[in-house]
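Below you'll find the structure, written out as structure tokens, and then a few comments.
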Amino acid sequence: MKYPRSLSWEKISSSTISIREFNRFENKKKVAIFCGYVRDKYEFNYHDRTYQWLRNNDYYVILVMPKSGILLESDLCKACDVFIERENFGYDFGSYACGLQYVNLIEGSERIDRLLFVNDSFIGPFGYCNLIEDSSEFWGNTDSNQVKYHYQSYLFGFNLEKVNLDIINNFFFSRGDIYTDDKSLVIENFELSLYEYFNGKGLRCSVLHPISVLKSDFIKQTFHFISYPYLTSKIFFYIMVIARDVNPTHQLWLQLFKRGFPFIKKELLRDNPTGYPELYKKVEEVMGSNDFNGEYKQIFKNHL
């Protein structure tokens, strides 16, 4: 295989601190690059649920994290097949790029037919979820019109039966420098450019949960949403969702949940940045079983 020997490739290669393989690749057809970041050991516990979800969908999981020094090998082996520790740069896309380098170097990588990029910004699944990929050449889980139309970068993937890995390499290694601490630059050059770049290359693109569908679901549920108590704040929130470009993982998380993506964003639970009315009450309602409710409360108490 021809590797993209660009300046970005060389910088990222030199920034990799260690690679630990817990399970052999053995010609897996699906690979997930799982980007993580933890501030303390307790925060790492919920990764196991996401890892099991990926494994249950037949993915070989490469976990990439900046150096922290707080995790033991006994923790890591429960959450991935391969662990890559790296210097901290480029935010999530720095981890995605490190994982992609590893994929390029795997013996037998030409037989991979699905490549998934996923980060740890959400918790779950809390329930059954097998809608993780699409038959398109490039897909995202959700899209957004904030700033400009783009696919959100917490979960996206490629069908490598139809897409040459070189196109993905070029996106990561032959464009804007990913070796940076400038968050706005990373967002502009990578997240906001994902759809634009690959659509421009002629790839057939799709979204598993389009924002237009989620908004339509939200409108249909108006009478269930706008009710006492907190009627005024609910009306204001409703108008905001209908009239503005919103983040579907924040304002439309419930519609996502009901559409078969039973995950919740950490930031939403921790900060409720959009002022979702009665958020925690609604989360407990949709959890359903006592097991999920108890686990959610424990995660919230210990990790958020």
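Using this note's numbering, the first residue of the sequence shown is number 53, and each one after it goes up by one. No residue lacks a Cβ here, since even glycine has one placed at the ideal position from N, Cα and C.
Taking the continuous alpha helix (DSSP H) assigned at residue i, which residues delimit it?
{"i": "R163", "result": "From DSSP, R163 is part of no alpha helix (DSSP H); its letter is neither H nor E."}
{"i": "T301", "result": "Per DSSP, T301 belongs to no alpha helix (DSSP H) and is neither H nor E."}
{"i": "Y294", "result": "The sequence given here places Ile at residue 294; Tyr does not occur at that position. I294 -> alpha helix (DSSP H) spans L283 to A295."}
{"i": "R91", "result": "Premise fails: R91 is in no alpha helix (DSSP H) and is neither H nor E."}
{"i": "R322", "result": "K318 to D323"}
{"i": "F224", "result": "L217 to F225"}
{"i": "L331", "result": "L331 to M339"}
{"i": "Y236", "result": "According to the sequence displayed, residue 236 carries Ser and not Tyr. Taken as a continuous stretch (DSSP letters only), the alpha helix (DSSP H) holding S236 covers K235 to V238."}
{"i": "G252", "result": "L246 to G252"}
Take residue i and list the residues in its own chain whose beta-carbon comes closer than 7 Å to its own, dropping the five residues that flank it on each side.
{"i": "R91", "result": "none"}
{"i": "S188", "result": "N211, R256, C257 and S258"}
{"i": "L244", "result": "V199, K200 and H202"}
{"i": "D186", "result": "S258 and L260"}
{"i": "D100", "result": "K130 and A131"}
Hey, quick one: how far does the beta strand (DSSP E) through residue i stretch, first residue to last?
{"i": "E73", "result": "T68 to E73"}
{"i": "S18", "result": "Absent from the structure is residue 18, since the part of the chain shown begins at 53 and ends at 356."}
{"i": "N211", "result": "L207 to N211"}
{"i": "L260", "result": "C257 to H261"}
Per DSSP, which residues does residue i bridge with? Please list them.
{"i": "A84", "result": "V113 and L168"}
{"i": "H99", "result": "Looking at the DSSP assignment, H99 forms no beta bridge with any residue, so it has no partner."}
{"i": "Y203", "result": "D195"}
{"i": "F174", "result": "K317"}
Spatial neighbours of residue i within its chain, please: C-beta separation below 8 Å, excluding the five flanking residues on both sides.
{"i": "Q153", "result": "W61, I64, S65 and T68"}
{"i": "C150", "result": "I64, S67, T68, V116, I136 and R138"}
Excluding sequence positions up to five away, which residues of its chain have a Cβ less than 6 Å from the Cβ of residue i?
{"i": "Y348", "result": "M339"}
{"i": "M53", "result": "Below a pLDDT of 50, predicted positions are generally treated as unreliable, and M53, at 45, falls in that range; no measurement from the model is reported."}
{"i": "V215", "result": "E189"}
{"i": "D269", "result": "Q307"}
Would you say the beta carbon of residue i comes nearer than 7 Å to a heavy atom of the ligand ZN?
{"i": "F289", "result": "Of the ligands one can find in the structure shown there are none, so the ligand ZN has no counterpart to examine."}
- What runs of the alpha helix (DSSP H), each 4 residues or longer, lie entirely inside the stretch 105–142? 125–128
- Message: Quick check: the stretch 283–301 against the stretch 217–226, are at least 3 beta-carbon pairs closer than 8 Å?
- Response: Taking 8 Å as the limit for Cβ pairs, the verdict is that the stretch 283–301 does not touch the stretch 217–226.
- Item | contact_flag[the stretch 198–208, the stretch 243–261] where n(CB pairs < 8 Å) is 3 or more | Yes: at least three Cβ pairs fall under 8 Å.
- Can you find at least 3 beta carbon pairs, one from the stretch 136–156 and one from the stretch 298–314, that sit closer than 8 Å? no
- With a cut-off of 8 Å, do at least 3 Cβ pairs link the stretch 164–174 to the stretch 76–91? yes
- Message: Using 8 Å as the cut-off, can you tell me whether the stretch 311–320 makes contact with the stretch 175–185, which would need three or more C-beta pairs spanning the two stretches below that distance?
- Response: yes
- Is the stretch 153–163 touching the stretch 184–203, taking contact as three or more C-beta pairs under 8 Å? No: the two stretches stay apart, fewer than three of their Cβ pairs being nearer than 8 Å.
- Can you find at least 3 beta carbon pairs, one from the stretch 190–200 and one from the stretch 110–119, that sit closer than 8 Å? no
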